[in-house]
Amino acid sequence: MDNQGMVLADFLSYLKKERRFSVHTVEAYELDLNRFILFIIYTDVMGPPSDWDEKVES
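Residue numbers for the sequence shown follow the working numbering, beginning at 2 and rising by one.
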């Protein structure tokens, strides 16, 4: 699993376990975030995923 996938999995786990969001809400978040990530990748807004951390930190 790549770094972005790990971050997404950790965030979804946080929503389930710490925030106690419903399963349906977490699934909706996952779907929306995956669609957003695909949008970023295919429109080349931030370059390849390997460059994202560097761009977000700057």
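C-beta: ideal position from N, C-alpha, C; glycine also. Quick caveat: nothing in here was measured; it's all calculated off a predicted structure.
Under 8 angstroms between C-beta atoms of residue i and residue j
i, j, result
"K17", "V27", "yes"
Residue span of the alpha helix (DSSP H) that contains residue i, given as start and end
i, result
"D33", "V24 to T44"
"S14", "N4 to K18"
Of the residues the options, the one placed nearest residue i, counting alpha carbons only
i, options, result
"F37", "R20, Y15 and L9", "L9"
"E31", "E55, L13 and D54", "L13"
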